[in-house]
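So the sequences go chain by chain: A and B.
Positions in the first sequence are counted from 1; adding 78 to them yields the working numbering.
Positions in the second sequence are counted from 1; adding 1 to them yields the working numbering.
From the three backbone atoms N, C-alpha and C, an ideal C-beta is built for every residue, glycine too.
Just below is one structure, and these are the notes that go with it.
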Amino acid sequence: MNNKGNSEQGLFSVLGVVLKREFLSAYRSRQELANPLVFFIIVIVLFPLGVSPEPDFLSKAAAGLVWVAALLATMLSLDRLFQSDYDDGSLEQLVLCAQPLYLIVLVKSLIHWSLTGLPLVLLSPFLAIMLHLEVQHIPVLMLTLLMGTPVISLIGGIGAALTVSLRSGGILISLLVLPLTIPVLIFGTGTVQSSIDGLSVAGHFSIMGMMLALALTLSPFAIAAALKISVSD
Amino acid sequence: MSVALLKADELICERDDRILFTGLSFELFSGDVLQLEGPNGAGKTTLLRILSGLFSTFEGGVSWKGQNVRQYYSEFQQDLLFIGHKSSVKTTLTPLENLRFLMGLQQSVIEDELWQALEQVGLAGYEHVLCRNLSAGQKRRVALARLYLSKAKLWVLDEIFTAIDKKGVAQLEAFLVEKAQSGVAIVLTTHHELAMPGVKVLRLGQGVNEQ
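In structure tokens, the structure reads:
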């Protein structure tokens, strides 16, 4: 190409254009963004009512409860990730873009996380207090969620990309993806539990960090490949 | 004529146990307009998707400027404008925002040119209306505005005249002729009778191909 950098669009401009559009269309349908958040709150609020309001019991269950609710709430929002782009055909345009699809889907997944996972992280301390989790463990819980929810979004993105061309992909995503997110759940709750037991949490955080690094680097490849398959139907 | 821009070599495609076409070869030169014809289900859209690299379960080769498309994919994509059956217009965005995104994926955009392109497709005054509230024809026009801005050298257009009124079709045809004369190669499908001079026709269907 002889006119490189002239009329062609550079990588960062393309990513900027994608970023802007994602936030804009999320803002236009912002009531949808509240759904996973409301689900998250309702599950946690109902639990003491349904099982037991005892502070002893709740403080033990708090970490697992917040984590399971966060996992399910993120899962709930995943089928939206590529669906509307597939329906209106803009997914084809993203696939045809000359810039690497790997980076475009990474940006899309991270935006999705910042609109669903991040609000859950920010909301979690209030719910943890409601569940009588001792205050010194709350930062640990938040940090595990901060490292764990992007992993769920990225792994879930693979499921979303694979099922985007199917009419009823919603439940299939959960079936495909939930088993893969179990390690995240185990180490997420395990970290808080170690903190409660007075043990060191450094090892747990190392493993969570590894999962985050793996998800960030590898899952965009899988998502991009899955999207290409879905688009070619 | 110099070397062919786009060359399809012995394409074979089979879908759902039906052979859509075998041994399909053609060349497209700068300035050519190629219309794919055939009944519904003859494989017109499939062929367009093969040419643009979206559909990859076929045999044979597609080359762009003498280089195999599969190997020089990103160079090819930079030269390609594909407007599909689905118009890629997001209903939660305005025509201006849609156009800014769709063009921004491929080339740098100048704000004034976006406004001009929307005016040219008859959407002046609708720049800030959500596409959800536009008619089907108007939505299609948002996608067509890309044609007025594109610097791509190969246009692959699938049923672009759908839902466009007569006047709009005539205007678009004139524009396509003008663009072809300036060197753009165009492949399109339509069930309209094209009133364009010098259109090559490729007939698909029943496994028999004639050019």
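Counting of Cβ neighbours within 10 angstroms places B/H129 among the exposed residues, the total staying below 16.
Partner residues in a beta bridge of A/W191, as assigned by DSSP, do not exist.
Taken atom to atom, the span from the alpha-carbon of B/V63 to that of B/V185 is near 18 Å. With a 10 Å radius around the Cβ and a threshold of 16 neighbouring Cβ atoms, A/F160 comes out buried. If you ignore the 5 residues before and after B/A5, its C-beta comes within less than 7 Å of the C-beta of E28, L29 and F30, all in its own chain and listed in chain order.
One finds E170 and L174 in chain A with Cβ atoms closer than 9 Å to the Cβ of B/S53, taken in chain order.
If you check the CB distance, A/Y164 and A/S284 do not come in under 8 Å. Of all residues in the region 81 to 110 of chain A, only S85, E86, Q87, S91, V92, V95, R99, L102, S103, R106 and S107 place a beta-carbon less than 7 Å from a beta-carbon of chain B. B/F83 carries a strand assignment under DSSP once its states are collapsed to helix, strand and coil. DSSP places B/L103 inside the alpha helix (DSSP H), whose first and last residues are P96 to G105. In terms of beta-carbon proximity, B/G85 lines the interface with chain A, with at least one pair separated by less than 8 Å. Non-local beta-carbon contacts of B/L131 in its own chain, meaning distances under 8 Å to residues more than five positions away in sequence, involve T92, T93, L94 and T95 in chain order.
Cβ neighbours of B/T163 within its own chain (closer than 7 Å, five residues either side excluded): R141. Remark: C-beta atoms of A/L181 and A/L97 do not approach each other more closely than 8 Å. Residue contact with chain B for A/V309: present (Cβ-Cβ distance below 8 Å to some residue of chain B). The beta-carbon separation of B/L37 and B/L203, rounded to 5 Å, stays under the 8 Å limit for a contact.
By the neighbour-count definition (other C-beta atoms within 10 Å, threshold 16), A/P298 is a buried residue. If you ignore the 5 residues before and after A/H190, its C-beta comes within less than 7 Å of the C-beta of L159 and S231, all in its own chain and listed in chain order. Scanning its chain for C-beta atoms nearer than 6 Å, with the 5 sequence neighbours on each side dropped, one finds around B/V122 the residues R142, L145 and A146, in chain order. With a cutoff of 8 Å on beta-carbon distance, A/H210 and A/P133 are scored as near each other. Fully contained in the region 140 to 227 of chain A is no beta strand (DSSP E) run of length 3 or more. With fewer than 16 other Cβ atoms from the protein chains shown falling within 10 Å of its own Cβ, B/S136 counts as exposed. According to the DSSP secondary-structure assignment, B/E60 is paired through a beta bridge with B/I13. With at least 16 other beta carbons inside 10 angstroms of its own, A/M153 counts as buried. Within the region 155 to 174 of chain B, not one residue has a Cβ closer than 8 Å to any Cβ of chain A. Residue contact with chain B for A/S162: present (Cβ-Cβ distance below 8 Å to some residue of chain B). At a cut-off of 8 Å, the C-beta of A/D166 has a neighbouring C-beta in chain B. In terms of beta-carbon proximity, B/K180 stays away from the interface with chain A, with every pair separated by 8 Å or more. For the pair B/E11 and B/H86, the CB atoms are not nearer than the 8 Å cut-off. In the structure shown, B/I111 falls within a coil segment according to DSSP collapsed to helix, strand and coil. Taking a contact as a CB-CB distance under 8 Å, the pair B/A9 and B/L35 does not count as one, their CB atoms being some 10 Å apart.
For A/G268, same chain residues with a beta-carbon under 8 Å away, outside a window of 5 residues either side, are H282 in chain order. Judged by DSSP in its simplified three-state form, A/D275 adopts coil rather than helix or strand. DSSP links B/F27 through a beta bridge to B/A9. Counting along the chain, no alpha helix (DSSP H) covers B/Q36; the unbroken beta strand (DSSP E) around it starts and ends at V34 to E38. When A/L102, A/L89, A/Q271 and A/A104 are compared, the shortest CA-CA separation from A/L143 is found for A/Q271.
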